[in-house]
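> The sequence shown maps to residues 1 to 211 in the UniProt record's numbering.
Pasting in a structure now, in structure tokens, and then I'll have a few things to ask.
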Amino acid sequence: ALSGNSMISYYISNYGIGFDPAENEFDYGLCNEVVNVACSPKPDAFNPCEDIMGYNILRVLIWFINILAITGNIVVLVILISSQYKFTVPRFLMCNLAFADLCIGIYLLFIASVDIQTKSQYYNYAIDWQTGAGCNAAGFFTVFASELSVYTLTAITLERWHTITYAMQLDRKVRFRHAVIIMIFGWVFAFTVALLPIFGEFGLVWGLFSR
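Rendered as structure tokens:
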């Protein structure tokens, strides 16, 4: 066994003059792997503990869906806009729908990227994420895109109904300027609905969509 002085000499020769055995043991204790992590408040679908995507199958699906949505809707937009045929009311409405769905794809890409960056350690980033600009932007983006998509689908349905019902009455045909006015209102509506949760009592709705 080493004596007190011999022990000190041993530590100095191996670890340096500034080495403190008690302090070193404490530091190593902090670096031990944490096996069980207790999250508070209790994790749920909107406040996960370790991963935004709870299962690997969800992680694979969200990447598949967002890549397919982004690629497919970009192709639709390019074809509709660059086509040599007349830019009709249905084509105009389809462009709006494709743009809204493209926004959804970009939102999913954003969430999937954050999930990869915080994989198995979301509890270390949860507060910064939920109170940061990224979460707020994601919430605004998905509400705007969802509302615009539903609104555009409704407009397309009504336009088709009107066209079929009054097919023989050309004077009652939906004009392009009418469609533009309808979609301007839709964009303003979607933007307003997405913006409202930033203020006061709408914060809960905002949080549900943005997480």
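Note that the Cβ used here is the ideal one computed from N, Cα and C, for glycine as well.
Pick out the complete alpha helix (DSSP H) segments inside the region 90-162, 4 residues or longer, and give them in chain order.
122-130
> Beta-carbon within less than 6 Å of N136's beta-carbon, same chain only, minus the 5 sequence neighbours each way: which residues are those?
none
> According to DSSP, simplified to helix, strand and coil, what is S83?
coil
> Quick check: the Cα distance between F26 and T118, rounded to an integer number of angstroms?
Unreliable placement is indicated for F26, whose pLDDT of 47 sits below 50; the coordinate value is still reported in the next sentence. Rounded to whole angstroms, F26 to T118 spans 28 Å at the Cα level.
> In chain order, what residues of the same chain have a beta carbon less than 6 Å from the beta carbon of N73, not counting five sequence neighbours either side?
A98, D101, L102
> Taking only the alpha-carbon atoms, compute the straight-line gap between A194 and L108 and give it to the nearest angstrom.
17 Å
> With distances taken between CB atoms, is the gap from V174 to T163 smaller than 8 Å?
yes
> Please name the residue, chosen from V114, L196, V76, that lies closest to F144 on a Cα-to-Cα basis.
F144 has its Cα closest to that of L196, out of V114, L196, V76.
> Quick one: Cα of S113 to Cα of L80, how far?
30 Å
> Should I182 go down as buried or exposed, given a rule of 16 or more other Cβ atoms within 10 Å for buried?
buried
> Does A167 come out as helix, strand or coil in the three-state DSSP assignment?
coil
> Inspect the CB distances between the region 85-93 and the region 58-74 and report whether three or more fall short of 8 Å.
no
> When burial is assigned at 16 or more other CB atoms within 10 Å of the CB, is I116 buried or exposed?
Answer is exposed; the Cβ neighbour count stays below 16.
> Might you give, ordered along the chain, the residues of its own chain that have their beta carbon closer than 7 Å to the beta carbon of I70, omitting 5 neighbours on each side?
L102, G105, I106, L109
> Pull up the CB-CB distance for L148 and G186, whole angstroms please, since I reckon it's below 8 Å.
6 Å
> Expressed to the nearest angstrom, what Euclidean distance is found between the alpha-carbon atoms of L77 and L68?
14 Å
> State the DSSP-derived secondary structure class of T88, mapped to helix, strand or coil.
coil
> Quick check: the Cα distance between F140 and M168, rounded to an integer number of angstroms?
43 Å
> Note down, in chain order, each residue of its chain lying with its Cβ closer than 8 Å to the Cβ of F191, except the 5 sequence neighbours on either side.
F144
> How should residue 213 be labelled, buried or exposed, when 16 other C-beta atoms within 10 angstroms of its C-beta is the threshold for buried?
Any property of residue 213 remains undetermined from this structure, which presents the chain solely from 1 to 211.
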